[in-house]
Every structure is written in C-alpha cells, then in structure tokens.
Ligand SMILES: NC(=O)c1ccc[n+]([C@@H]2O[C@H](COP(=O)([O-])OP(=O)(O)OC[C@H]3O[C@@H](n4cnc5c(N)ncnc54)[C@H](O)[C@@H]3O)[C@@H](O)[C@H]2O)c1
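In UniProt numbering, the protein residues as written are 1 to 339.
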C-alpha cells in the first residue's frame, strides 16, 4: 500500500481552489490535510466541501506541523517569498504557482535557500504539461519542423481579474506573458537574450493606478538566433484564448484551439462553435498532470520538470519586458550571440 503525501494548500482563490480539489479528489498518492487562506470563511468553506480536517488563517500552524510533507502555494504572488522561505526551512516539498516571486532579488534568494536545503520545488508553468504543448515539444524534439526559428504566443483573458489581484500580480508581463516566456524557452530550446515590449490600457482605466496595461506585445530574441513575439490581453470578451505557433526551417506547429468541445452548431443563421471560457476549463488536464508529476517526484525524491531555476529565468525575462515597456528601450538579458 502506498502512503499518501500529507499536503496543505495556501490560497484558495481562482486557482488555489482547483489545486485543492485536485489534491483532495484526483491525485492518487496525496492527501489534503490542511488549507490556509487569509479569509477564514473561504478556508472554512473549502475545508467543509473537501472534508479537510484542518483550516486556518495562520501559515505557521502548517509549517510547525511535522506530519505535513508538501505544500502548494497559490496565494497572491507578493506573498510567495515568505511562504517559500518558511516552507523550505521547515522541510516541506513545494509546488509554487507562477511567478516564483514578485522580484528578482527575492527569486535569487529563494533559489539559494532551496538549493541549500535540497528542497523539492516545482513552479506552476502548467503549459509544459498541457497535452497540446507537450505534443508540440515532442514533434520539435523529433525534428519534424526542422530547427525552430520563430515563436508566437497569444495569451488573452476574457476580462481583467479583480483589482486587488492586479495590485499584487507584478503586472501584465510578470503575471501573464511569463507563461509565454517560459514555454518559449522550452519549445525553442534556447535562452532569451533580449526583449522589446509595448503596452497600453485599452479597456480598464484602473490598471493605470498600478502602472499596468491590459494589452501588450513583447518581441523576443533568442541565443540561437531565433526570434518571436508574445501578445497578452485582458480584453478578449469572447473567451479565454491561448494559442502558440512555432515556425521551423522545415515546417510549423500551431498549438491550441478556441473551441471548448469539438462540436459545430449549424442553423439557418449559419455555423457556430463554443469557445473556452476560462483558465480552469482550458487547463483542467494540465493542472492535474502537473500536480500528479509533482507528487511522483516527491515520492521518488526526484527533480521536477519545472525547476526553481526555470522560475527565476522566466521572471528575469518578464521583468526585462516590463522595464522595456516602461523605458521604451530594448533590454538585453545577456550578450547577444555572434551570428
Ligand atoms: N498557472 C496559472 O494558470 C495561474 C492562473 C491564475 C493564477 N495563478 C497564480 O496563482 C496565484 C493566486 O492567484 P489567484 O488568481 O488564485 O488569486 P486570488 O486573488 O483569486 O486568490 C488568492 C487567495 O489567497 C488568499 N491569500 C492572500 N494572502 C494569503 C496568504 N498570505 N496565505 C494564504 N492565503 C492568502 C486570498 O484570501 C485569496 O483567497 C498567483 O500567484 C497567480 O499568479 C496562476
């Protein structure tokens, strides 16, 4: 009989709730034993729904419990640093949502702590586990499109998240485009060397209070000599629209689809199909697969597919993009390759 990994979840909001559901109901070798949220009513509601024995607003209650082996951090990004530090120092394995932390000093410090304590720590770049992105990765590795030379990423939300989220999110480049920066490094098999970014507020004036934008575009250059771009938007009123394309020297791969189900409705008025409404729907499988893999790695004491180093590198690109947007200058991450 396998013993289940005793797990706690921090943050039970838009995404943390789904991680809690997955651990409680779908992950074979994990057991949800505690939930923590700053809002006691949220913690109590989720604990009751999922039959979790402990709920609290005090993270230390979880860190001091030596029977808890793993934690999932899905609280606002600005809170990740403190929780990561305490989790590593109390010997827990960690799954942390992206972005790793809100700034680079914090990220580098956490990397040092995680390495010193030999903590298993996986970052929540779930696109790497999404069946479509995963199939594309395998095709690229098999050489089906030749050498990858251009990446295009599209990440559009149907609307802006609530204002308190924006305030603690790091902004569009750090919160949204970071997914494309990570998957671009992964699919293009090359590090990003420079970014030039643009952005505007087109629909949500409150974004201006936080120096944020609701529409952006980042041009990306890679060490391999390849290039790319990443569009991010909070203005896709029609649905949640996540797509990518990798152009190679001998072919192209399109990734993603607007449709939720493979159906088409034909009436006298014409032909229509449904559209993916939100991220929990689009990435149901990916969220489940990334957590399954995390718990496999914990039980085997292995290395996660998405490491803290990946978290630091993606954050570095995102912060460079934000700087580029703010200054109007192209920002280099490392010396450009000799071509
Ligand atoms: N991978 C993805 O696709 C994806 C999607 C959405 C959000 N995220 C990430 O997940 C994190 C949470 O985002 P969200 O949209 O679920 O936010 P949210 O605002 O909907 O929920 C955050 C929850 O955390 C609670 N909270 C606040 N401070 C806390 C603390 N110190 N300890 C415990 N709980 C605390 C809040 O009360 C709230 O219930 C962010 O880092 C975000 O970037 C990732």
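Glycine included, every Cβ here is placed at the ideal spot set by N, Cα and C.
Considering only the alpha carbon of each residue, which of the options lies closest to residue i?
i           : options               : result
residue 140 : 245, 15, 116 and 153  : 245
residue 163 : 213, 129 and 126      : 213
residue 75  : 25, 16, 220 and 60    : 16
residue 309 : 119, 53 and 27        : 119
residue 235 : 117, 156 and 110      : 156
residue 260 : 272, 251, 219 and 266 : 272
residue 113 : 28, 11 and 88         : 88
residue 21  : 46, 275, 6 and 29     : 46
residue 322 : 90, 197, 147 and 54   : 197
residue 72  : 317, 300, 315 and 292 : 292
residue 324 : 5, 65 and 219         : 219
residue 366 : 70, 40, 320 and 31    : This structure does not reach residue 366, given that the chain is present from 1 up to 339, and the question cannot be answered.
residue 40  : 266, 12 and 62        : 12
residue 316 : 170, 61 and 238       : 170
residue 277 : 175, 35, 29 and 159   : 159
residue 287 : 130, 229 and 35       : 130
Among all the DSSP beta bridges, which residues are the ones paired with residue i?
i           : result
residue 32  : 7
residue 197 : 218
residue 282 : BP columns for residue 282 are empty, so no partner.
residue 190 : Per DSSP, none; premise fails for residue 190.
residue 122 : 95
residue 153 : 230 and 244
residue 27  : Per DSSP, none; premise fails for residue 27.
residue 211 : Answer is none; residue 211 lacks a bridge partner.
residue 331 : 195
residue 71  : 8 and 94
residue 346 : Lying before the first or after the last residue shown, residue 346 is absent from the chain, which here runs from 1 to 339.
residue 271 : 266
residue 56  : 36
Excluding sequence positions up to five away, which residues of its chain have a Cβ less than 7 Å from the Cβ of residue i?
i           : result
residue 132 : 255 and 256
residue 339 : Summary for residue 339: the model assigns pLDDT 46, below 50, so the residue's position carries little reliability, and this model does not support an answer.
residue 199 : 172, 213, 215, 216 and 325
residue 332 : 193 and 194
Can you give me the Cβ contacts of residue i inside the same chain, cut-off strictly under 6 Å, excluding the 5 residues immediately before and after it?
i           : result
residue 231 : 154 and 217
residue 336 : In this prediction, residue 336 has a pLDDT of 48, which is less than 50 and means its spatial position is unreliable; what the coordinates show is noted afterwards. Only 193 meet the Cβ criterion.
residue 24  : 32 and 50
residue 208 : 201
Below 8 Å CB to CB, which residues in the same chain sit around residue i once its five sequence neighbours on both sides are set aside?
i           : result
residue 81  : 101, 102, 106, 109 and 110
residue 146 : 248, 249, 250 and 251
residue 134 : 128
Q: Examine the Cβ distances between the region 271-285 and the region 232-243 and report whether three or more of them are shorter than 8 Å.
A: yes
Q) Are the region 178-189 and the region 200-209 touching by the rule of at least three beta carbon pairs closer than 8 Å? A) no
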